[in-house]
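Colleague: Quick one: the structure is below, and I'll ask about it shortly.
Residue numbers (my numbering), protein chains in the order written: chain A, 122 to 544; chain B, 8 to 251.
This is the structure we're talking about:
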């Protein structure tokens, strides 16, 4: 019996248990690390099967030894409480650690160590890793699409101007603050449209006209996302109000609209906007493909935004409506000053969700022949000189989309905190 | 006798198939204080919600300050602007500061200049003794303070009539007094008030008349002293014996 006491860790010999436990765990991790990074096996003298399982066994024993309840050492208690509560959890913990260690080397070697970035042609990529040369050579196309190289300053200039104008809200001036909402909801989109229409599209003021078919890449992703976000929000808001209206006509139209757009896949909407829509228009009426696509996506997403906002409207207690009405406010005043500010605050996470989905839906515009960043990747990977680098392209696109979406989601968290009020 | 400021004749109201108010006849003269009491579900709250048309009535007429309540939205909004209401759940706007709660309606409904509205709001907040809380948000105030703010908010519209829908029922016992004090002051200043409450002490102190309702009907309507000293119907006697 006495011998077994060794296996029952207690607090009296805390240090002994702690050091021997940590020693065993270190050996286990060291073994896996050496194996994974340097392809050496320090336990090769043992039979294959045992050598394979040894780190797991040693690690589990090590974790068992340091499983001392209420040791008084903060980090140890935290560790025991969270990832080392019993043998099963200890094994799971070790397996996860080993899996991470095992997956780092192939990952690193593909991304960095064996990757190539020098050179200008496919022949430069001789390594087994990623061929970043491909991204480097095509980067300009991925960002600007088929937009003529010598005119790309126009895109840069308008984007810089738009970003600068977006920061107007930070100017601390009481007088100006009243107009901020008006500025962001009405004036800013108009400025953006004018900039993009005259500067990027051109055709006036001596600027050469560039047809929208040549636009593409990341800049097109931004343009489409930007306008769709701006348009779908107010449309969705009115639909949400319409769906709760007391006027039957307004209500039925809103419900019908929402259910129609929610019921069809985006890809068919886009297809129809480009193929079927022009058939219903008079001969001499022309609407640009890009404009049609933006309208189609906006209406599609507006239906989702409407349902999200409706959730917020329904979450408000009836007393808020009663109080506003009892003060003599009419429908619009009540909604603008009392209901919507509270409802929109509640649905920031839901709206952010819809907006993220919208940004990630933009690649679908390839069905009408507009090539934003993923579309350009598809084009580039089928180029005979650069066959076989689809993986690099998609990883690149994934990283770009992740950065955009993560920034948006961070921003929405900030908004949530900024507008948080206790009830 | 002057013309009544509120006149209800033969008013009936249904929620679906359920009749909540039956043949209500009521006249309230200017500057009178009426207390409405009765068991829960008797239609007291619905009655006063009908007076500023937060609820629609289906039969009969309600005339407030010479204007009949009909489908006409303009009339309804005009009447609501001169009938203040205080709710059981306070219903302050949580996204606005106390001061903004009070100035919102005067500025946007009565088109009062902002500065004037703020002065008026501070005066009313002073009256209910929470002027020092003006910059805080409703969530930071105690229940009693919130309800007093709600009273001030309603008063900022300078109403002719004030409706109180169980203003103290959602409050902790020690906060009831501060709200009742504010209401007593208001009564002394001569406001026309209709108060739904279970606070019989308040009724005895300020009410001119007490109305007892049960099952959607006005069972008894009498002068305050008469009502408590010598209730006529058995139902009223039973209710008073339980509540006093």
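Every residue, glycine too, gets a C-beta built ideally from N, C-alpha and C.
None of the values given here were measured: they were computed from a predicted structure.
Cβ of residue 106 of chain B within 8 angstroms of Cβ of residue 142 of chain B?
Modeller: Cβ distance < 8 angstroms, so residue 106 of chain B and residue 142 of chain B count as in contact.
Colleague: Give, in chain order, every residue of the stretch 456 to 475 of chain A whose Cβ lies closer than 8 angstroms to some Cβ of chain B.
Modeller: Within the stretch 456 to 475 of chain A, the qualifying residues are 458, 459, 462, 463 and 466.
Colleague: What does residue 61 of chain B touch in chain A if you count any residue whose Cβ is under 8 angstroms from its own?
Modeller: 443, 446 and 447, listed in chain order.
Colleague: Could you list which residues in chain A have their beta carbon closer than 9 angstroms to that of residue 79 of chain B, in chain order?
Modeller: Those do not exist, as residue 79 of chain B stays about 13 angstroms from chain A at its closest Cβ, beyond 9 angstroms.
Colleague: Considering only C-alpha positions, which residue in the set A:134, A:191, A:303 and A:223 is nearest to residue 151 of chain A?
Modeller: For residue 151 of chain A, the nearest C-alpha among the options comes from A:223.
Colleague: Only counting the same chain, and skipping five residues up and downstream in sequence, which positions put a Cβ closer than 7 angstroms to that of residue 390 of chain A?
Modeller: Result list for residue 390 of chain A: 417 and 421, in chain order.
Colleague: Might you give, ordered along the chain, the residues of its own chain that have their beta carbon closer than 7 angstroms to the beta carbon of residue 208 of chain A, omitting 5 neighbours on each side?
Modeller: Excluding residues within five positions, the ones whose Cβ falls inside 7 angstroms are 181 and 185.
Colleague: Per DSSP, residue 33 of chain B forms a beta bridge with which residues?
Modeller: Residue 33 of chain B is bridged to B:15.
Colleague: Considering Cα atoms alone, identify which of A:203, A:201 and A:211 is closest to residue 176 of chain A.
Modeller: It is A:211.
Colleague: For chain A, find out if any of its Cβ atoms is closer than 8 angstroms to the Cβ of residue 213 of chain B; answer yes or no.
Modeller: So, not an interface residue.
Colleague: List the residues of chain A whose Cβ lies closer than 7 angstroms to the Cβ of residue 94 of chain B, in chain order.
Modeller: Those are 440, 443 and 444, listed as they occur along chain A.
Colleague: Taking CB distances under 8 angstroms as the criterion, tell me whether residue 451 of chain A reaches chain B.
Modeller: It does; some Cβ of chain B falls within 8 angstroms.
Colleague: Mind pulling the chain A residues with CB within less than 7 angstroms of residue 112 of chain B?
Modeller: Going along chain A in sequence order, the residues near residue 112 of chain B (Cβ under 7 angstroms) are 448, 449 and 450.
Colleague: Could you tell me the distance, in whole angstroms, from the CA atom of residue 309 of chain A to the CA atom of residue 291 of chain A?
Modeller: Whole-angstrom Cα-Cα distance: 14 angstroms.
Colleague: For residue 504 of chain A and residue 164 of chain A, I'd like the C-alpha separation in whole angstroms.
Modeller: Those two C-alpha atoms are separated by around 49 angstroms.
Colleague: Which residue's Cα is closest to the Cα of residue 95 of chain B: B:238, B:202 and B:248?
Modeller: Checked all of B:238, B:202 and B:248; the closest Cα to residue 95 of chain B is B:202.
Colleague: Does the distance from the CB of residue 545 of chain A to the CB of residue 215 of chain A come in under 8 angstroms?
Modeller: Here chain A comprises residues numbered 122 to 544, so residue 545 of chain A is not present and cannot be evaluated.
Colleague: Anything in chain A within Cβ reach of residue 155 of chain B, meaning under 8 angstroms, just list it in chain order.
Modeller: Residues of chain A passing the Cβ test: none, with the nearest at roughly 15 angstroms.
Colleague: For residue 196 of chain B, report the span of its beta strand (DSSP E) as first-last.
Modeller: That residue, residue 196 of chain B, is in no beta strand (DSSP E); it is neither H nor E in DSSP.
Colleague: Can you give me the Cβ contacts of residue 29 of chain B inside the same chain, cut-off strictly under 7 angstroms, excluding the 5 residues immediately before and after it?
Modeller: Cβ neighbours of residue 29 of chain B beyond the five flanking positions: 19, 223 and 224.
Colleague: Should residue 219 of chain B and residue 44 of chain B be called a contact, given that it needs their Cβ atoms to be closer than 8 angstroms?
Modeller: The answer is yes: Cβ separation under 8 angstroms.
Colleague: List the residues of chain A that residue 116 of chain B touches, going by C-beta distances under 9 angstroms, in chain order.
Modeller: Neighbours of residue 116 of chain B on chain A, chain order: 448, 449, 450, 451 and 454.
Colleague: Grab me the residues of residue 123 of chain A's own chain with a C-beta within less than 8 angstroms of its C-beta, minus the 5 sequence neighbours each way, in chain order.
Modeller: Any reading at residue 123 of chain A needs caution, since the residue's pLDDT is 46, under 50, leaving its predicted position unreliable; the model's value is listed next. Hits under 8 angstroms: none found.
Colleague: Take every Cβ of the stretch 479 to 492 of chain A, pair it with every Cβ of the stretch 442 to 460 of chain A, and state whether three or more of those distances are shorter than 8 angstroms.
Modeller: Short answer: they don't touch.
Colleague: Kindly indicate which residue of A:166, A:255 and A:540 has the alpha-carbon position closest to the one of residue 511 of chain A.
Modeller: When only C-alpha atoms are compared, the closest one is A:255.
Colleague: Starting from the C-beta of residue 241 of chain A, find all residues in its chain whose C-beta is less than 8 angstroms away, skip the five residues before and the five after it, and write them out in chain order.
Modeller: 254 and 258.
Colleague: What does DSSP give as the partner residue(s) for residue 71 of chain B in the beta ladder?
Modeller: BP columns for residue 71 of chain B point to B:13 and B:74.
Colleague: Here's the rule I'm using: 16 or more other beta-carbon atoms within 10 Å means buried, otherwise exposed. How should residue 98 of chain A be labelled?
Modeller: What is shown of chain A runs 122 to 544, which leaves residue 98 of chain A out entirely.
Colleague: Grouping DSSP H, G and I as helix and E and B as strand, with all else coil, what is residue 333 of chain A?
Modeller: It is helical.
Colleague: Mind pulling the chain A residues with CB within less than 8 angstroms of residue 164 of chain B?
Modeller: Within chain A, the residues near residue 164 of chain B are 448 and 449.
Colleague: Starting from residue 88 of chain B, find everything on chain A with Cβ-Cβ shorter than 7 angstroms and list it in chain order.
Modeller: Neighbours of residue 88 of chain B on chain A, chain order: 449.
Colleague: According to DSSP, simplified to helix, strand and coil, what is residue 405 of chain A?
Modeller: DSSP places residue 405 of chain A in coil when its eight states are reduced to three.
Colleague: Would you call the stretch 185 to 205 of chain B in contact with the stretch 231 to 249 of chain B, where contact means no fewer than 3 C-beta pairs closer than 8 angstroms?
Modeller: Too few Cβ pairs lie closer than 8 angstroms, so no.
Colleague: Under three-state DSSP, which class holds residue 301 of chain A?
Modeller: Here residue 301 of chain A sits in helix by DSSP.
Colleague: Assuming residue 158 of chain B and residue 135 of chain B are in contact, meaning their beta carbons sit under 8 angstroms apart, how far apart are those beta carbons, in whole angstroms?
Modeller: With 8 angstroms as the limit, residue 158 of chain B and residue 135 of chain B qualify as a contact, their Cβ atoms being about 6 angstroms apart.
Colleague: Flag residue 123 of chain B as yes if its beta-carbon sits less than 8 angstroms from any beta-carbon of chain A, otherwise no.
Modeller: Output row for residue 123 of chain B: interface = no.
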